[in-house]
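Using the working numbering, read the sequence shown as starting at 153 and increasing by one per residue.
Presented below is the structure to which this report refers.
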Amino acid sequence: MPSQTTLRRSQLIAPFGVGAIHILKGSKAVITAGLDYWYVDPSNHSKRAASEQIRILRIDDEPRLMERFQVSHFRQPPGPETDLPDYTNLEIPLFRFPTWYHCPRCHQMDQRNLSHQKNANCGNKNCTGFERENLRQVSFAAACDHGHLQDFPWREWVHSEEFPTCDGNLSYRAGGSGSLNDIRISCDGCNKRRSLAGIMSGSLPDSESSDSEKKNGWSALTNSLLKKQEESEATANSAPKYYCEGGRVWLGEAKGQPCNRPLRGILINATNGHYAKVNSALWIPPGNVDEGLLGLKKKLDTAKYRLFISLRRTVNVSEESIVKDLLKDFKDELDNPTEKQLLLALQNKGHVKDEDLPAGLNDEEAIRYPEYLRLQEPHNSGLSNNFLKIRIADTSKLSKHLKANIESISLIDKLRETRVMAGFTRLIYNHLNDAPLPESHMWKNRPKKEDYWLPATKTFGEGVFVRFKEDQLCKWEKDPKVQSHLVSMQDRENATARRMSRPSLQISPRFVLLHTLSHLLIRRLVFECGYGSASLRERLYVSDKTNSLMAGILIYTASGDSEGSLGGLVRMGEPENLERIFQRALEDAVWCSSDPVCTESGDKGGQGVNGLNMAACHCCALLPETSCENFNSYLDRGLVSQFFGQTWRIQF
Numbered sequence: 153m154p155s156q157t158t159l160r161r162s163q164l165i166a167p168f169g170v171g172a173i174h175i176l177k178g179s180k181a182v183i184t185a186g187l188d189y190w191y192v193d194p195s196n197h198s199k200r201a202a203s204e205q206i207r208i209l210r211i212d213d214e215p216r217l218m219e220r221f222q223v224s225h226f227r228q229p230p231g232p233e234t235d236l237p238d239y240t241n242l243e244i245p246l247f248r249f250p251t252w253y254h255c256p257r258c259h260q261m262d263q264r265n266l267s268h269q270k271n272a273n274c275g276n277k278n279c280t281g282f283e284r285e286n287l288r289q290v291s292f293a294a295a296c297d298h299g300h301l302q303d304f305p306w307r308e309w310v311h312s313e314e315f316p317t318c319d320g321n322l323s324y325r326a327g328g329s330g331s332l333n334d335i336r337i338s339c340d341g342c343n344k345r346r347s348l349a350g351i352m353s354g355s356l357p358d359s360e361s362s363d364s365e366k367k368n369g370w371s372a373l374t375n376s377l378l379k380k381q382e383e384s385e386a387t388a389n390s391a392p393k394y395y396c397e398g399g400r401v402w403l404g405e406a407k408g409q410p411c412n413r414p415l416r417g418i419l420i421n422a423t424n425g426h427y428a429k430v431n432s433a434l435w436i437p438p439g440n441v442d443e444g445l446l447g448l449k450k451k452l453d454t455a456k457y458r459l460f461i462s463l464r465r466t467v468n469v470s471e472e473s474i475v476k477d478l479l480k481d482f483k484d485e486l487d488n489p490t491e492k493q494l495l496l497a498l499q500n501k502g503h504v505k506d507e508d509l510p511a512g513l514n515d516e517e518a519i520r521y522p523e524y525l526r527l528q529e530p531h532n533s534g535l536s537n538n539f540l541k542i543r544i545a546d547t548s549k550l551s552k553h554l555k556a557n558i559e560s561i562s563l564i565d566k567l568r569e570t571r572v573m574a575g576f577t578r579l580i581y582n583h584l585n586d587a588p589l590p591e592s593h594m595w596k597n598r599p600k601k602e603d604y605w606l607p608a609t610k611t612f613g614e615g616v617f618v619r620f621k622e623d624q625l626c627k628w629e630k631d632p633k634v635q636s637h638l639v640s641m642q643d644r645e646n647a648t649a650r651r652m653s654r655p656s657l658q659i660s661p662r663f664v665l666l667h668t669l670s671h672l673l674i675r676r677l678v679f680e681c682g683y684g685s686a687s688l689r690e691r692l693y694v695s696d697k698t699n700s701l702m703a704g705i706l707i708y709t710a711s712g713d714s715e716g717s718l719g720g721l722v723r724m725g726e727p728e729n730l731e732r733i734f735q736r737a738l739e740d741a742v743w744c745s746s747d748p749v750c751t752e753s754g755d756k757g758g759q760g761v762n763g764l765n766m767a768a769c770h771c772c773a774l775l776p777e778t779s780c781e782n783f784n785s786y787l788d789r790g791l792v793s794q795f796f797g798q799t800w801r802i803q804f
């Protein structure tokens, strides 16, 4: 583990979660270790805290997320606020990566191991640097679209051989232009040299590509690493390819089983090197609480019963057998529960009788639909574990134009969001059909089901929830002009999904409308309530399924403390303020400072990543990445103006 650093808990979910490279003070590049290595005792790095000692970090009151990921509980990353006897500063190891270094004086390259801690000094006796200049880590690594990461194959690249026999010293020289063609690697033993031109190039394969094109993939590094300079293109195309070696450096494995996927060079600080899969849920009060099961669960969470249960789980005793043992020894102490009640409490289930969900919901809709219903109702129980406080605004104070489109406004004085890191991908955000599940990268040795957990954080904040009228939306989105307006965006989405081998998103008019409107409102709220744009987030509730219609926007901040936030955002949700916010947001939708270029670019092939935006650019609609749920895609100011133009005369 290299030099220590302090990160906030939320940063260890994203962007510095498991498998992510980040730079420490002193330009030390490190990668966050897998979950097998978490919760290290600072006084003895070879020893990890026992589950009993990290119980305070558990999150087990978010049953919807727990059910989705089939975990026994979640755990918060350790932080300065962790208050545990003898473990007040639990640590998470960081591996030193990349393991290749170069000297800025003599340019010689050298390699260290993943656990190297101190500064690396040049080993060249002829180096003219003062006290042999400290080595600097290289800025390149290699990854594949199945999530693997390894050191860039420097020796293989310069020798154009898969198994080079020359062991001469390598040199790294970079010119002043900053281009890959100006970075040259040379071998002192055989005098071979080669620039890095092409290591990041290549295009994504289309599903309509030939079998040979799909096999060779989309990486110029894979296709050209073994290519000799004197060989023709025809010979090179028929030559063997250099594929990924299955490296999982965040799990301590520099090389693994070859995965035979194309290898691509990346910059260690590039955003495509790590896409965290973060899922979240808002805490909502249960509809019905079985007080008996809730009390039984609390009893089983005491030290006496936890020890009794954990000892049996370590020797693989089944849940049913543990229930029988508990009833045999502690039936009276547990107030004579039934086997079914005890099993539900043991599995951390059943203390909440969930409302029946409509059929046909996907995982994300099953999370959001109960939230959508709950956010429309006032709530403030006054209990100590109440993490949701909702007031319903008086919409009668709104103008007739706004009342024609808005069904209700909820002012949320306090909310709690649980954010879970459920895996990651590399190079491509979306999970490929034949790739390992993003979740599989989190562990080297995945625990058994009863001990399986994922990292998560709890954050508290405030928000404003706006629900729109279904009749207005349904009437508008059935207009043939509205539907034809999004045909080109849907075509580009289908082409992108085909190239990336992922399911295509069906883009509905209401989705683009509400998504763009939330961006416009957030940009306007920044000027009104004092929060920075990166501190506000959107949460979209959109569905056109007849049994689970949703049309709502939640704009919230989840950066406050356990008491919530200061109320500035909620105050903007009051009708007299929201009227002004909407008016100015709609004015922003009509005209962009980059018009007519912004509007024309949207109409002539789209703009943004993969052309998935129409009239939306940095000057009018884009937000920081932390604020948007869809990577600043699927935006169009034109739909916002068209929808509200039916009932609202926009004034300047």
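Even glycine gets a Cβ: it sits at the ideal position worked out from N, Cα and C.
Around the Cβ of Lys270, are there at least 16 other Cβ atoms within 10 angstroms (buried) or fewer (exposed)?
exposed
Gly805 and Arg416: beta carbons closer than 8 Å?
Residue coverage of the chain in this structure runs from 153 to 804, which leaves residue 805 outside it and unanswerable.
Out of Glu313, Arg220, Glu214, Ala326, which one is the CA nearest neighbour of Met261?
Ala326
Can you look up Asp238 in the DSSP assignment and give me helix, strand or coil?
Note that Asp238 scores a pLDDT of 49, beneath 50, so its modelled location is shaky; the value from the coordinates is reported in the next line. Coil, per DSSP.
Can you name the start and end residues of the alpha helix (DSSP H) that Cys681 belongs to?
661-681
Does Tyr239 pass the burial test, meaning 16 or more other C-beta atoms within 10 Å, or should it be called exposed?
Any reading at Tyr239 needs caution, since the residue's pLDDT is 49, under 50, leaving its predicted position unreliable; the model's value is listed next. Tyr239 is buried by the Cβ-count criterion.
For Lys815, count neighbouring Cβ atoms within 10 angstroms of its own Cβ and tell me buried if that reaches 16, exposed if not.
Here the chain comprises residues numbered 153 to 804, so residue 815 is not present and cannot be evaluated.
Strictly under 8 Å for the Cβ-Cβ distance: is Phe292 near chain D by that measure?
Of the protein chains in the structure, only one exists, and it is not chain D.
The region 752-765 touching the region 690-707, judged by at least three CB pairs closer than 8 Å:
no
Residues near Ala294 by beta carbon distance below 6 Å, same chain, minus five either side:
Gln302, Phe304, Leu415, Gly417
According to DSSP, is Met652 part of a helix, a strand, or is it coil?
coil
Given Pro727 as reference, the closest of Ser323, Cys274, Ser548 once Cα atoms are compared
Ser548
Can you give me the C-alpha to C-alpha distance between Leu584 and His593, rounded to a whole angstrom?
14 Å
Looking at the secondary structure, which residues open and close the alpha helix (DSSP H) in which Ala372 lies?
372-376
Is the CB-CB distance between Gln289 and Tyr253 below 8 Å?
yes
Is Leu452 helix, strand or coil when you go by DSSP?
helix
Which same chain residues, not among the five before or five after Asp713, have their C-beta less than 8 Å away from its C-beta?
Since pLDDT at Asp713 reaches only 49, below the 50 mark, its modelled position is unreliable, and the value read off the structure follows with that caveat. Excluding residues within five positions, the ones whose Cβ falls inside 8 Å are Phe612.
Quick one: what does DSSP say Ser640 is sitting in, helix, strand or coil?
helix
Given a cut-off of 8 Å on the beta-carbon distance, is the pair Arg651 and Asn582 in contact?
no
Inspect the CB distances between the region 657-676 and the region 782-793 and report whether three or more fall short of 8 Å.
yes
On the DSSP letters alone, give me the boundaries of the alpha helix (DSSP H) that Tyr736 sits inside.
At residue 736 the sequence reads Arg, which differs from the Tyr that was named. Arg736 -> alpha helix (DSSP H) spans 727-742.
Distance between Ile580 and Phe617 (C-alpha atoms, nearest Å):
32 Å
Distance, Trp605 Cα to Ile461 Cα
17 Å
Suppose contacts are defined by Cβ-Cβ distances below 8 Å. Is Leu775 in contact with Asn431 by that definition?
no
Residue range of the alpha helix (DSSP H) that includes Ile580:
Counting along the chain, Ile580 falls outside any alpha helix (DSSP H), and DSSP gives it neither H nor E.
Return the bridge partner residues of Phe247 from the DSSP annotation.
Ile183
Going by C-alpha to C-alpha distance, which of Ser267, Arg520, Arg207 sits closest to Asp603?
Arg207
Please classify Pro256 as buried or exposed, where buried requires at least 16 neighbouring CB atoms within 10 angstroms.
exposed
Are Pro590 and Ala608 touching if we call contact CB-CB under 8 Å?
no
Mind checking whether Asp515 and Arg543 have CB atoms under 8 Å apart?
no
Spatial neighbours of Gly682 in its chain, beta-carbon cut-off 6 Å, leaving aside the 5 residues before and after:
Gly720
Neighbourhood of Ser636 by C-beta, 7 Å cutoff - its chain only, sequence neighbours within 5 removed:
none
Would you call the region 421-429 in contact with the region 167-183, where contact means no fewer than 3 C-beta pairs closer than 8 Å?
yes
Based on Cα-Cα distance, which residue from Leu638, Glu569, Asn557 lies nearest to Asn538?
Glu569
Could you tell me which residues DSSP puts in a beta bridge with Thr611?
Glu569
Hey, how far is the Cα of Leu242 from the Cα of Pro230?
6 Å
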